[in-house]
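**Student:**
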Amino acid sequence: MFAFSREKTMTSRREGSPFAGLSTIALKEAADHMNSIRIHLVMVLVLLTAIGSVYAAIGQIKATVGEDQFLFLRLFTTAQQPLPSFVFFLGFLVPLVAIALGFDAINGEYNRRTLSRVLSQPIYRDALLTGKFMGGLLVIAICLLALWLLVTGLGMLLLGLPPSGEEITRGLAFLFATFVYAGVWLAVAMAFSTIVKSPATSALCALTAWLLFTVFWPMLAPLIAGAVAPVDQLDPLTAVHQIDVQQAIARISPNTLYGETTLALLNPATRSLGLLFTDQLSGALMGAPLPFSLSVALIWPQLAGMIAALLVLFTIAYVSFQRQEIRA
33 MFAFSREKTM TSRREGSPFA GLSTIALKEA ADHMNSIRIH LVMVLVLLTA
83 IGSVYAAIGQ IKATVGEDQF LFLRLFTTAQ QPLPSFVFFL GFLVPLVAIA
133 LGFDAINGEY NRRTLSRVLS QPIYRDALLT GKFMGGLLVI AICLLALWLL
183 VTGLGMLLLG LPPSGEEITR GLAFLFATFV YAGVWLAVAM AFSTIVKSPA
233 TSALCALTAW LLFTVFWPML APLIAGAVAP VDQLDPLTAV HQIDVQQAIA
283 RISPNTLYGE TTLALLNPAT RSLGLLFTDQ LSGALMGAPL PFSLSVALIW
333 PQLAGMIAAL LVLFTIAYVS FQRQEIRA
């Protein structure tokens, strides 16, 4: 005998809002995540690596005090061997946090045989899936904000200087971009969680996608571009076209979009995220920083691309979950 959610047992229109109970589910999911051992372990790893990279960069940054007007932004981008920069660590580890939060969001309920009991309450599938997603985003937002405040506090303590207004603005924009980037990978994990029945398999699928776009995609993009747009030695414009194709293919990866976004936000001197021609530098003072508004205009396509990917992936999870049959 089957136990269906309210929208399956009703033959007439659904009563009330399909998102009734959304806040309750989101807060309950966030509380479960905050008490979970796995998220504690992953966040300890992120915290230790972040503190190590920032502390290693402090010594190098101190040498430029008084010479750099965006000193605090260098906390995020400065690398000192053998540790890479704070931004590199975030781009590498934030997807792991998001995957850990979402890989068993739905199929875990199936395996515990609790899904039918949850949906037998006055809660629709819409609220359940969206609440789980919002709960994961809430945990990510809390962790990223705490990490950003920690890095800023360490900078103020060790450098002895407060950040300027524009540095705070750019830092908050960087925080928002990281939040969207984490949301993309949370949506990836939840999509696999609804499509694949086994939590272990869905985790493996999400990690495979992460490895593909993090490690292998930068190597595949030049190969694909060389096959799609070969260079003609007699026509120099074909080389430019190949580079454009390579960048377009590379931007399929959320990691590339996030890397370009952080580059423009944390390095105000960045004037282009693609090829830069001589005529574009006409009247420009080399090394002069762009205003924050122009940096935002520069990264808007990348940020919009990540938001669009998040919405598409969540829609895939939503449609898949709505079509599934739920057994008691």
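Residue numbers (this note's numbering): 33 to 360.
All C-beta atoms, glycine included, are put in the ideal place defined by N, C-alpha and C.
Note that the structure is a prediction, hence the values are computed from the model and not measured.
Count the other CB atoms within 10 Å of the CB of W332; is the residue buried (16 or more) or exposed (fewer)?
**Tutor:** Along the sequence shown, read from residue 1 onward, the residue named residue 332 stands at position 300. Classification of W332: exposed, given that the 10 Å Cβ count is below 16.
**Student:** Return the first residue and the last residue of the alpha helix (DSSP H) that A253 is part of.
**Tutor:** Taking the first residue of the sequence shown as 1, we reach residue 253 at position 221. Taken as a continuous stretch (DSSP letters only), the alpha helix (DSSP H) holding A253 covers W249 to V260.
**Student:** Rounded to the nearest angstrom, what separates H72 and A173 at their Cα positions?
**Tutor:** Along the sequence shown, read from residue 1 onward, the residue named residue 72 stands at position 40. Along the sequence shown, read from residue 1 onward, the residue named residue 173 stands at position 141. Spanning the two alpha carbons is a distance of roughly 15 Å.
**Student:** Take the Cβ of A301 as the centre, count every other Cβ of all protein chains shown within 10 Å, and call the residue buried at 16 or more, exposed below.
**Tutor:** For the purposes of this step, residue 301 is taken as residue 269 along the sequence shown, with counting starting at 1. Exposed.
**Student:** Looking only at its own chain, which residues have a Cβ that is under 6 Å from the Cβ of Q92, when we skip the five neighbours before and after it?
**Tutor:** Mapped onto the sequence shown, residue 92 falls at position 60. For Q92, where only same-chain residues beyond five positions count, the Cβ hits under 6 Å are T110 and Q112.
**Student:** Within the chosen definition, does the region 121-140 reach the region 160-179 through at least 3 CB pairs nearer than 8 Å?
**Tutor:** yes
**Student:** For W180, which residues in the same chain have their Cβ closer than 6 Å to its Cβ, ignoring the five residues on either side in sequence?
**Tutor:** On the sequence shown, position 148 is the one that residue 180 refers to. Excluding positions up to five away in sequence, the list reads L207.
**Student:** Helix, strand or coil, according to DSSP, for V343 in the structure here?
**Tutor:** By 1-based counting over the sequence shown, the position of residue 343 is 311. Just to set this straight, residue 343 is Leu in the shown sequence, not Val. Look at L343 here: in three-state DSSP terms it is helix.
**Student:** Taking the C-alpha atoms as reference points, what is the distance between L161 and S285?
**Tutor:** As a first step, residue 161 is located in the sequence shown; it is residue number 129 there, counting from the start. As a first step, residue 285 is located in the sequence shown; it is residue number 253 there, counting from the start. For L161 and S285, the distance between alpha carbons rounds to 25 Å.
**Student:** Confirm, please, whether the CB-CB distance from L103 to A205 is below 8 Å.
**Tutor:** Position 173 of the sequence shown, counted from the start, is the residue given in the question as residue 205. Position 71 of the sequence shown, counted from the start, is the residue given in the question as residue 103. No; because the gap between Cβ atoms is not below 8 Å, this pair is not in contact.
**Student:** Nearest to L77 by alpha carbon, out of V129, L105 and F324?
**Tutor:** Position 45 of the sequence shown holds residue 77. Cα-wise, what sits closest to L77 is V129.
**Student:** Counting Cβ pairs closer than 8 Å, one from the region 119-126 and one from the region 79-89, do we hit at least three?
**Tutor:** yes
**Student:** Can the beta-carbon of L107 be found less than 8 Å from the beta-carbon of V216?
**Tutor:** Position 75 of the sequence shown, counting from 1, holds the residue named residue 107. Position 184 of the sequence shown, counting from 1, holds the residue named residue 216. No; because the gap between Cβ atoms is not below 8 Å, this pair is not in contact.
**Student:** Taking Cβ to Cβ, would you say N143 is nearer than 8 Å to S225?
**Tutor:** Here the question's residue 143 lines up with position 111 in the sequence shown. Here the question's residue 225 lines up with position 193 in the sequence shown. Not closer than 8 Å, so no.
**Student:** At which residue ranges does the region 257-293 contain complete alpha helix (DSSP H) runs of 4 or more residues, listed in the order of the chain?
**Tutor:** 268-282
**Student:** Flag this pair as yes or no: are the beta carbons of A238 and L170 separated by less than 8 Å?
**Tutor:** As a working note, residue 238 is residue 206 in the sequence shown. As a working note, residue 170 is residue 138 in the sequence shown. No.
**Student:** Report the three-state DSSP secondary structure of Q112 (helix, strand or coil).
**Tutor:** Sequence index remark: in the sequence shown, residue 112 carries index 80 (1-based). Reduced to three states, the DSSP call for Q112 is strand.
**Student:** Looking only at its chain, what residues have a beta carbon closer than 6 Å to the beta carbon of G337, apart from the 5 residues adjacent to it on each side?
**Tutor:** Counting from 1 along the sequence shown, the entry for residue 337 is found at position 305. Excluding sequence neighbours, G337 sits near L289.
**Student:** Should V220 and A253 be called a contact, given that it needs their Cβ atoms to be closer than 8 Å?
**Tutor:** Against the sequence shown, residue 220 aligns to sequence position 188. Against the sequence shown, residue 253 aligns to sequence position 221. No, Cβ-Cβ distance for V220 and A253 is not below 8 Å.
**Student:** The alpha helix (DSSP H) that contains R18, what's its start and end?
**Tutor:** Outside the shown range of the chain, which is 33 to 360, sits residue 18, and nothing can be said about it.
**Student:** Under 8 Å by Cβ, that's how I've got L335 and A209 pegged, so tell me the actual separation to the nearest angstrom.
**Tutor:** On the sequence shown, position 303 is the one that residue 335 refers to. On the sequence shown, position 177 is the one that residue 209 refers to. Right, their Cβ atoms sit about 6 Å apart.
**Student:** Which of the three DSSP states, helix, strand or coil, is assigned to V228?
**Tutor:** For the purposes of this step, residue 228 is taken as the residue at position 196 of the sequence shown. In the structure shown, V228 sits in coil (DSSP, three-state: anything other than H, G, I, E or B).
**Student:** By Cβ distance, which residues of its chain are closer than 7 Å to Q278, with the 5 residues on each side in sequence left out?
**Tutor:** Here residue 278 refers to the residue found at position 246 when the sequence shown is read from its first residue. Result list for Q278: A253, P254 and A257, in chain order.
**Student:** Within its chain, find whatever has a CB closer than 7 Å to the CB of D64; leave out the 5 residues flanking it on each side and keep chain order.
**Tutor:** By 1-based counting over the sequence shown, the position of residue 64 is 32. There are no such residues.
**Student:** Using the Cα positions of S304 and R283, report the straight-line distance between them to the nearest angstrom.
**Tutor:** As a working mapping, residue 304 is identified with position 272 in the sequence shown. As a working mapping, residue 283 is identified with position 251 in the sequence shown. Distance between the alpha carbons of S304 and R283: 15 Å.
**Student:** Return the first residue and the last residue of the alpha helix (DSSP H) that F56 is part of.
**Tutor:** Mapped onto the sequence shown, residue 56 falls at position 24. It should be pointed out that residue 56 corresponds to Thr in this sequence rather than to Phe. Its alpha helix (DSSP H) spans residues L54 to M66.
**Student:** Under three-state DSSP, which class holds F211?
**Tutor:** Position 179 of the sequence shown, counting from 1, holds the residue named residue 211. Helix at F211.
**Student:** If you follow the alpha helix (DSSP H) that I131 is part of, which residue opens it and which one closes it?
**Tutor:** Within the sequence shown, the letter at position 99 stands for residue 131. Segment F118 to G134, the alpha helix (DSSP H) holding I131.
**Student:** So, under 8 Å CB-CB, V212 and L342 are touching, yes? Tell me the CB distance rounded to an integer number of Å.
**Tutor:** Here residue 212 refers to the residue found at position 180 of the sequence shown. Here residue 342 refers to the residue found at position 310 of the sequence shown. About 7 Å separates the two Cβ atoms, so the contact holds.
**Student:** Report the three-state DSSP secondary structure of F36 (helix, strand or coil).
**Tutor:** To locate residue 36, count along the sequence shown from 1; it is residue 4. Low per-residue confidence applies at F36: pLDDT is 42, beneath 50, and the placement is therefore not dependable enough to give any value.
**Student:** Flag I83 as yes if its beta-carbon sits less than 8 Å from any beta-carbon of chain C, otherwise no.
**Tutor:** Absent here is chain C; the protein component of the structure consists of one chain.
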